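Since the structure comes first, as structure tokens, the remarks are kept for the end.
Numbering (our numbering), first residue to last: 1 to 136.
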């Protein structure tokens with residue numbers, strides 16, 4: 001299939017397909033008459049790249065996952081390894097998001113008369129002292 005068809009079927013722009021090729025996420029296709037021609041396997045790979053990106057995996061992480069992966073190779077062990085690394089990152093992000101939610105809920109009721117009062121009310125000065133005095 002031509003690049004325009006691959007892009008349409010994957011829900012991407014042709015420029016994204018070329019970018020994936022440039023990064024080594026997608027093997028360079030064969031050319032016919034100077035035009036890129038892709039196999040159906042390329043669509044599976046592009047859909048996987050797109051899905052992984054939408055799930056928060058970075059392009060370097062996706063490249064690591066796909067490196068050396070043959071079309072008929074089992075992917076379970078690779079997913080397990082990548083998922084284990086990403087899970088701790090997601091858990092940290094959830095914890096930050098919950099702290100942010102709590103802060104935003106408190107800020108909706110802010111009646112501080114000054115920035116200094118707000119910093120004190122949020123306990124930021126104590127947190128900064130703790131961080132500054134913490135051994136590195």
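Every residue gets a Cβ at the ideal spot worked out from N, C-alpha and C, and that includes glycine. Computed from a predicted model, the values in this text were never measured in an experiment.
- Sort 34, 12, 112 by Cα distance to residue 46 and report the nearest one. When 34, 12, 112 are compared, the shortest CA-CA separation from residue 46 is found for 12.
- Item | Proximal residues to residue 42 (C-beta, below 7 Å), its chain only, five neighbours per side dropped | 6, 26, 29
- Message: Going by DSSP, what residue range makes up the alpha helix (DSSP H) through residue 117?
- Response: 115–122
- CA nearest to the CA of residue 24, picked from 40, 34, 31, 61: 61
- Message: Rounded to whole angstroms, what is the Cα-Cα separation between residue 122 and residue 20?
- Response: 45 Å
- Hey, quick one: how far does the alpha helix (DSSP H) through residue 35 stretch, first residue to last? Per DSSP, residue 35 belongs to no alpha helix (DSSP H); it is in the beta strand (DSSP E), 35–37.
- Query: Taking just the CA atoms, how far does residue 103 sit from residue 87?
  - Reply: 24 Å
- Query: First and last residue of the beta strand (DSSP E) that includes residue 27?
  - Reply: No beta strand (DSSP E) holds residue 27; DSSP gives it neither H nor E.
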